Structure formats: C-alpha cells, structure tokens
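As structure tokens, the structure follows; a few thoughts come after it.
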Amino acid sequence: MLAEKLEQIRNFTQERGYKIYRKSVTPSIRLICKKQHWNMARRTAMLLKFMCETEDPIVFRDEKIAFVRTNINIPEYFNSKDIKKEFHKTKYQFFEPFNNACLDWSILLKNGLQGQLEAVRALQQNSSKSERNYLDSVVISLEAVMQLADRYRIAANAAGNDFVAETISKVPKYGAKSFAEALQSIRFVHSMLYLCGHAHMGLGRFDQYMYPYYKADIASGNLTKEAAKSLIKEFFISLNRDTDLYFGVQQGDNGQSLMLGGCKPEDGTSAVNELTYMVLEVSRDLKLIDPKINLRIDSSTPDDLLELGCELTKCGLGFPQYSNDEVVIPALIKKGYSLEDARDYIVAACWEFIIPGKACEKVNLGAINFPYAVDSAFEKTLKRWGDFSIDNFEQNIAKNVKLQLKNLITKQQIKLLPSPLATAFFPYALNHKKDISVDSKYNNIGIHGAGSANAADAIVAIKTIYKEQGQEGLLNLYSAIRANFVGFEKLHDYLQNKLPKVGNADAVADKELKFLFDTFANASDELSTTRRKIRAGSGSAMYYVLLTNSDCNILEPKVKATADGKKDGEPLSTSLAPSHGIKVNGVLSVLKSYSVIDYSRIMNGGPITIELSPSVFNSDEGVKKLAQLIKYFVKLGNQQLQLNLLDANVLEDAIAHPEKYRNLIVRVWGWSGYFTELAPEYQKQVLSRHKYNL
Amino acid sequence: MNKGIIFDIKEFAINDGPGIRLTIFMKGCPLRCLWCHNPEGLSQKPQINYKTGCVTGVEYSVEQIFNRVRKFKDIFQLSGGGITFSGGEPLMQADFVYDVASNLTDIHKTLDTSGFCNSQIFKKMLSIFNLIYYDIKLVNDDLHQKFTGVSNKIILENLKILERSGVPYHIRIPLIPNITDTKDNLNDIKNLILSLENRPLRVDALPYNALAGGKYDSYNMEYPLKDINDVNNIENLKEFNQALTQNKIEIIGEEVKCLQKN
Chain P
1 MLAEKLEQIR NFTQERGYKI YRKSVTPSIR LICKKQHWNM ARRTAMLLKF MCETEDPIVF
61 RDEKIAFVRT NINIPEYFNS KDIKKEFHKT KYQFFEPFNN ACLDWSILLK NGLQGQLEAV
121 RALQQNSSKS ERNYLDSVVI SLEAVMQLAD RYRIAANAAG NDFVAETISK VPKYGAKSFA
181 EALQSIRFVH SMLYLCGHAH MGLGRFDQYM YPYYKADIAS GNLTKEAAKS LIKEFFISLN
241 RDTDLYFGVQ QGDNGQSLML GGCKPEDGTS AVNELTYMVL EVSRDLKLID PKINLRIDSS
301 TPDDLLELGC ELTKCGLGFP QYSNDEVVIP ALIKKGYSLE DARDYIVAAC WEFIIPGKAC
361 EKVNLGAINF PYAVDSAFEK TLKRWGDFSI DNFEQNIAKN VKLQLKNLIT KQQIKLLPSP
421 LATAFFPYAL NHKKDISVDS KYNNIGIHGA GSANAADAIV AIKTIYKEQG QEGLLNLYSA
481 IRANFVGFEK LHDYLQNKLP KVGNADAVAD KELKFLFDTF ANASDELSTT RRKIRAGSGS
541 AMYYVLLTNS DCNILEPKVK ATADGKKDGE PLSTSLAPSH GIKVNGVLSV LKSYSVIDYS
601 RIMNGGPITI ELSPSVFNSD EGVKKLAQLI KYFVKLGNQQ LQLNLLDANV LEDAIAHPEK
661 YRNLIVRVWG WSGYFTELAP EYQKQVLSRH KYNL
Chain U
695 MNKGIIFDIK EFAINDGPGI RLTIFMKGCP LRCLWCHNPE GLSQKPQINY KTGCVTGVEY
755 SVEQIFNRVR KFKDIFQLSG GGITFSGGEP LMQADFVYDV ASNLTDIHKT LDTSGFCNSQ
815 IFKKMLSIFN LIYYDIKLVN DDLHQKFTGV SNKIILENLK ILERSGVPYH IRIPLIPNIT
875 DTKDNLNDIK NLILSLENRP LRVDALPYNA LAGGKYDSYN MEYPLKDIND VNNIENLKEF
935 NQALTQNKIE IIGEEVKCLQ KN
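Same order as they appear, the protein sequences are chains P and U. Per our numbering, the very first residue in the first sequence carries number 1; after that it's consecutive. Per our numbering, the very first residue in the second sequence carries number 695; after that it's consecutive.
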C-alpha cells in the first residue's frame, strides 16, 4: 500500500508529468573541444560540465529525493575524424558510450565527490603530464556535478523544500551521514552518468552498501523502518523518471539493474539483511519497471525471502531474476576472477555477471547463432561429403560455431568511450591514473548463445531422420527446409510434434543441448588469450528477433527455416527456453532439461525463462510452491532463472487496444518494459512466448 | 501390462495436494455432473480438440508413467510433494492406477476421487495411497442422481470405508450455485462430516468458477450449466464454514476470502 503522497509522486512519474520541464539545448561543443585539442576524456568531462550547466534544477515541494532531467539532448562533442585521430581507428573498431558497468557506490557514500576530488589531487602529485592531464578530466567532472548539486540546493530552498535543501547541501559533495543522504547521493550521481551519454549503468548491491546507513539511523532513532521504506519507495520512483532518454534497444532497456542477497565477499557468509527484504517489498508495492530486481540465492536462502521474491513475481513485472551463487561464483573463479571479486558479483544490464567497482568488460559483444550453425553444417555435410555422417555433421557444427565466434571477436572490436566521472569510483583504474574504459581489472568478452533450443531440436530431427530414412530422408528434409515447409506439411507436423524436444527432460534432446554449449565453451577457450578471455553465455538478448530478421544489419549470420520445424521469420526462443510452438511437459521438465549444461564453462549468464500462467497464484499456496520450485532450480545446479507471469489474452487485447494498457509491464529479455511501447516484432515474440504458458 | 488413457499430465500442479506435484488426469468418468469443468475427462475415448486440432487422450503404459514420475523424485522429496491421480475418475481405470501407484513406493501419492467405485477396489486403493481427496457433492440421493447421473449410495458407503481405514483424507465440495451450495445440502454435508468418527484433515469448499464451462467449445460439447448464475451463496457458505470451525475441523481459508472480495 502506498501513502497518499507517494501515490501522487508515483502517478506523476507514471504519467510522465516531469516531461513539461524539458527543453532542448543543442549547440555543438565539438568545435570548442577541437580548438582546445582536447582528448576524448577531456571532451567527456566538458560534455558533463556543459550538461550540468544547462540543466534547470527542479525540486518539488513534497519530495524527499530530488533530480529530474530537463535538457534532453546530448550535443555533438566529437565526430568520427576526432576518434580516428585519437585512437588510430582500424576498420573493425567501433566505439560505444561507456556502458554496462557499475560504480563502487560505497566509495561515493563514504567519501563523497569532494573526498574523491582530494584523492585525485593527491594522485596528481608525482604524475606524468599525460596522467595529470587525464586526472584533470576527473576533477572537472566531479566539480561539475557538485556545482549542479549546489544549484539544486538553491532551487530546493526556493521551493520551500527544507528536507531536500538540507540533504543536497551535504551530498553528493560529502560522504553520506544518513540513509536519506545516501539515497539522494546515489540518485544524483547515477543520473549524471546518463546525463553525459553513458548507458546501462547498474545500481549494484544496494542492500549491501546501504545497510550501514540504515543500521546506524535505526540505532540512533533517526529513522523508523516505515520511514526507511518510504524513502526507498521515493528513490525507486525517481529511477523511473527520465528513462525514455536513456539509450537502449527498446524503451525500458536502460540497465538500471539492482542486485540483492548473495554472500559477503570477505568470508562468503550470507549477506541477506533487513534491506534485502525491504527492497523486495517496496518493489512489490510500487509495481514499477525500475529498478530491475535481481536476487542471488543458494541452498541456504531462507524460505521467507524466496516467498517474498515470488510475491514480486506475482505482480507480473518479470522480476526478480534469480542467480544461483553455488554455480556462478565457482564459474567466475574458474575464469580467473579472484574469490573475493567473484563473491561480489552482480549482473550488468540484463544477466551478465560483472564485478562492481572493479571491472568494465564487454559482456555482450554479440551472439552465436546456434540454429545457423546447425543449418549450415547440415547443408555442408550433405553436399560436400557424398555420404552424410553424424561425425562430420557434428564437426561441422563445431567448426561453424568457432568461425562465428572468431568473426565476432575480430571483426567487431568495440571500444568504450572514456568516463572520467565513473573512474573516480573504480579504485583500480583511478590508482593507475587511467580511465576505467581502458584499465579494467578484468578484460574479458562475453558472447551470447542464442537459439539453443531450436538448434538442439534441429540436430535431433536431422539425426533421427538419418537413422530412420538415411541419406534420402535427409535430402527430402533439406528440400523441405529450403521450401520453408510449403508442400511438406506432413513432415513439418512430424518435426514439430513427434520428435524429442529440449525442455521435456528427454535425454535424447538434452544431449544435443549439452553438445552445443560444450562446443561453444571449447571454441571460447581456444580463442581466449590470457589477458582477454571469452565468456560463453546462454542468453539471447534481442538476437531472438534479429537473427531471424533478414533485413537487419548485424555481423551475426541470419537463419530462415530450420530442421526443428521453425519457419522463416518465426522468432527463436528466449535465452534458455523451449522452442516456440512445441508441446512442453511442464516447468519441472524444463528445469531438468537445462540442468545438463555445464555452467562452470557457460558463465556469461542467460536465464532459464519460464512463462507462468496467472492461475498459479489463484490460491495462497501458489507463492509457497513457487518458492519450492526455485529451491529445485538451485538443487539442480542451474544458473539463472527468470519467471514471468502474464495472460496471452491480456497481451492480445493490449495489441488491439494499446490505450487501455499504458502501464502493462512485460519482461522483454533481460529487462522489463511497457508492452505498448515495444516495437511490433518484440510484442509478437512476447506474445508467442506467453501462448505456451506452463 | 495395463495401459491407461490419460488426457493430461500436469507438472507443478498447485492445488492437488501437498508440495510440488505432478498430476495425472485419467480419462473417463462414470458421473455426469452438470458442472464438470473437465469435459474432455468424461468419455474414455480419445477426442479431438477442435481448437488446437490435437487429440486429447493418449494411451500410456505403466512403465512410461513410472519413468516420467521417477525423474522428479528429487523435487518431490525436496518439497514434500508427489503425484496425484485425478480425472475424470481415476478409479475407472483402477488396474492401471494401481499398477503405477504400487510401483512408486517411495513417492507420496494422492488420489482425487468421486468415490464412485466398487468397494473392494476402493479398499485395495486405500492400501497404497497416502492421501485421498474425496468429493461430496449432494447428500440427498434424488438430487445426486438428478445432477450427477448416479446414486450416491456407493459413494457414502465408500466414505465409511475411507474413514475407518485411517488413511488421511480431505473432503472436497464443489460449490455450485443453487445446486450444492443450498442451505439444506450444506447442512446435510455438515451433519455427515460431524457423524464421521475419523474426521477429514480438512474440508475444502470450492467456490464456483465462472470459467468452468470454458473448455466445452473445444470439444464441440455444450456446457449444461451455461445459463447458471455464477455467484455462490456466501451466507450459506459462511454458516457452513463456521459450523465446521466450531467443531475444530480445518477448512480452506483463502477460498472464502476470495469470495468475500467479489
């Protein structure tokens, strides 16, 4: 339940009421930067300074957490020539704004911007000229934010909001001294990252870095539990403002992920605390898409916490997403992450495991198109070797996976643009006097593995037909696939309905699933170097749509109809989920099927995705039983789980009458968004998933 | 070996017993309750679902079911769950059910039955099941015959066998507006329950679901109660629940809550 005042603030945010304060100031600042011969780090700092100066501070009378973005355009501050000059850009190099990382928020809360600024000044002593120059950019960034905060203080006074005036006079400049100050500090600085064009910036282990402030305020009597809850609510509501300005594939894909639970980095004991529960309750009460909640669990996670998570699932927001510590942490260690860092993991924008405040890695460089690998290996084996053989077929799949991977890593070297502001909160890079975009403790590359269910089902189909009908049968199958099954309706029915499928705990199909991921892991190991390892993953991201859409321009190969019965243009299934349109035994079978994957090697993340029917929650028993299902997921040694809840009928109605469903929220892939704001192809994918509710 | 005709197997069935369960819906039923919400469970013969084009009703061997269920022994143990035989009326295929269930020795087994079955067979079943969901619909035999197509004599006899057997059981009452939720019938059921020496673990009075007739179309069948007023008599239900609670008989609380909201 929400208090009336909070209800008003939430409605104001949901109705996008803050948009009336927007303006567009767009002079190019590129020429000034060029004249001054500023490098990209300095340009980014100047961009932030420019953006801060052009912001109009907006403080509402009754709010406790302030910040609304008003300047909606980020001006041009470099062009491709500038990039080429600075980076000696090669043919395959691409640049992206700084993204998919999470600051060490505890440093901000402890030292404030001023504390970091002094630390930077100290570092500048005994530094080379270029180091000093770089650190100047950090200083400019920190100062710019402090100046805007000061203007916010004045605006708060003018608005008669003493509470905000008081907090913002102290944070983010100084370390936070209270729970409210800590929240305001994070909201403010987190927004600054987006203000200078960064994308997908995480909120990290919120229940961990906030807990000391909560505990101290409760102990001193300055804060009640109810008041703390209400503050978190305001903080969350504020995270739902401005988000349409954030870069993403679709609206809602903005990377505001928040991690809860898990274990303590220093000793591995449970990190669950009162805030872990409180955040889940707040998210359940608010029913807003941001922040996206993730929950780290293991076999000792308390039942009541899991049940609370399930109550949140019941709201239909598509989160929390669960990660199994017992699987994720050992896999990170195996990949070379230190024990302490591995225990501190969070997820990036969607599900990729990253280390906050330590690393900035390219965790979503691209995707392996598994169905394509199978399809092209089938064609190749059939045509080149007069006699088809299973061995050749499998070898060709492995070869193709490796080839796709090699293409991705060589033809697409993505570099991040610098972030002097973020660097102030990445001690590893800061102490080296280098930007976090080039000096990350870990430098690995994450690759998604898309369409695994379709691909494994296709292998089953090809092998079965070969066994039963030999080469002749395969030639017929090949013609059917290339004809998109037109004129082969009977065969299509056989492929779709009569063969073993991934998701039904059928050893025949699950063996092929494991084979595909083992192949991917092998290729990843072979193409890894000591400095830059490849993290193979099981996610699909937007590739479930892109890989089947011949019109879109990406490096990954496209696939049309496939041997499992998928027709041309039909989307692939999401991350780890059975192929669309097949008869699935049920959720227990799905969990069992996916437990065959070797998650110690497939460790970039990508959840088992289960669409539940709302009827699961018709009785109170539903929540308890769903919690037991999550325990089963842990026991099976699965890695990541996403439970979605929605009625296909509701989605169909929302497509027909979008005006009635402005606030309808769905999980799209690693994030949730408003259904009616999605492009039609994504709406279609979500709908076809929910048609097969378990 | 026996074969069984099954119209659905549901993993993660929420309302069919303790813990996480796998429910097997046996096809075929000797009763013709007007309110039946599983019309595809009535006839034992396979039927076409005209909406999906698929055939409902597949023959399984004992071994097939046994293997399917065994896979999930771990989750049953973890959650205190197991399997449930439902239907249709599972005891119409008693041999098959017996063969499957008696082989699954270390898995919790629930039987969801109308109780309409030969008493010897029923006794045999009680020896292997851990929990019985037993339906009581109408106590007045004339009304029972009118609305379900069969007499309740054998059902009430089997209830006596059940209570004497010591096997834990729930009594479930489908609350059909103006048919089973009448003051008289609920009063009769209350008296019947109170007359039992070994009381049920719980009494579940199940409110009428407005979507009960939803599946008839798919099988080209007509829902006999399509014109029914879909709201239960809350006063009668409250009185009934109160009487049971006073006599220390556990009832499902949440179902009543959800009724009151309407």
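Glycine residues also receive a C-beta, built at the ideal position from the N, C-alpha and C atoms. Nothing here was measured: the structure is a model prediction, and the numbers come from that model.
Apart from the 5 residues on each side of it in sequence, P:F163 sits with its Cβ closer than 6 angstroms to the Cβ of K64 in its chain, given in chain order. Between U:N709 and chain P, the shortest Cβ-Cβ separation is below 8 angstroms.
If you draw a straight line from the Cα of P:L332 to the Cα of P:I9, it is about 41 angstroms long. P:G637 has a beta carbon lying at 8 angstroms or more from every beta carbon in chain U. Our two residues, P:G252 and P:Y209, have alpha carbons roughly 25 angstroms apart in a direct line.
In this structure, the CA atom of P:L108 is about 58 angstroms from the CA atom of P:R482. With a threshold of 8 angstroms between beta carbons, P:V587 makes contact with chain U. Not a single C-beta of chain P is nearer than 8 angstroms to the C-beta of U:K909. Rounded to the nearest angstrom, the gap between the Cα atoms of U:L931 and U:P901 is 9 angstroms. C-alpha of P:D244 to C-alpha of P:Q471: approximately 54 angstroms in a straight line. At least 8 angstroms separates the beta-carbon of P:Q413 from that of P:L555.
Along the segment 762-777 of chain U, going in chain order, the ones with a CB nearer than 7 angstroms to a CB of chain P are K765, F766, D768, I769, L772, S773. Its chain contains K358, A359, Y428 as the residues whose beta carbon lies nearer than 7 angstroms to that of P:K441, once the 5 sequence neighbours on both sides are disregarded; these appear in chain order.
The criterion of a C-beta distance shorter than 8 angstroms is not satisfied by P:I665 and P:Q683. In terms of beta-carbon proximity, U:I742 stays away from the interface with chain P, with every pair separated by 8 angstroms or more. Put simply, the segment 283-292 of chain P touches the segment 227-244 of chain P. At least three CB pairs are less than 8 angstroms apart. Contact residues of the segment 613-637 of chain P toward chain U are V616, S619, D620, E621, G622, K625, Q628, L629, K631, Y632, K635 (C-beta to C-beta distance below 7 angstroms). Taking CB atoms only, U:I867 has no neighbour in chain P less than 8 angstroms away.
Closest in C-alpha terms to U:N914, from the list U:F719, U:P724, U:K745, U:I708, comes U:K745.
The three-state reading of DSSP puts U:H802 in strand, counting E and B together.
Residue contact with chain P for U:K704: present (Cβ-Cβ distance below 8 angstroms to some residue of chain P). Taken in chain order, the whole alpha helix (DSSP H) runs of length 4 or more contained in the segment 549-636 of chain P are 587-594, 621-635. In summary, U:C748 is exposed, with fewer than 16 beta-carbon neighbours lying within 10 Å of its beta-carbon over all protein chains present. At a cut-off of 8 angstroms between C-beta atoms, U:I887 does not count as an interface residue with respect to chain P.
Counted as a single uninterrupted DSSP element, the beta strand (DSSP E) harbouring P:M259 occupies residues 257-261. Here U:P918 is not bridged, per DSSP, to any residue. If you check the CB distance, P:L636 and P:K583 do not come in under 8 angstroms.
Per DSSP, P:D387 lies in no beta strand (DSSP E) segment and is marked neither H nor E. Interface residue (Cβ-Cβ distance to chain U less than 8 angstroms): P:A429 is not classified as such. Around the beta carbon of P:V486, a 10 Å sphere encloses fewer than 16 other beta carbons of the protein chains shown; the residue is thus reported as exposed. Within 9 angstroms of the CB of P:A505, the CB atoms of chain U belong to R762, K765, F766, in sequence order along the chain. The way I'd put it, the segment 808-821 of chain U does touch the segment 770-790 of chain U; three or more beta-carbon pairs between them come closer than 8 angstroms. Taking C-alpha positions only, P:A122 is separated from P:D439 by approximately 20 angstroms. When DSSP states are grouped into helix, strand and coil, P:H432 belongs to the coil group. Within the DSSP secondary-structure output, P:F95 pairs in a beta bridge with P:K415. Proximity to P:V68 across P:Q36, P:D217, P:L148 peaks at P:L148, based on C-alpha coordinates.
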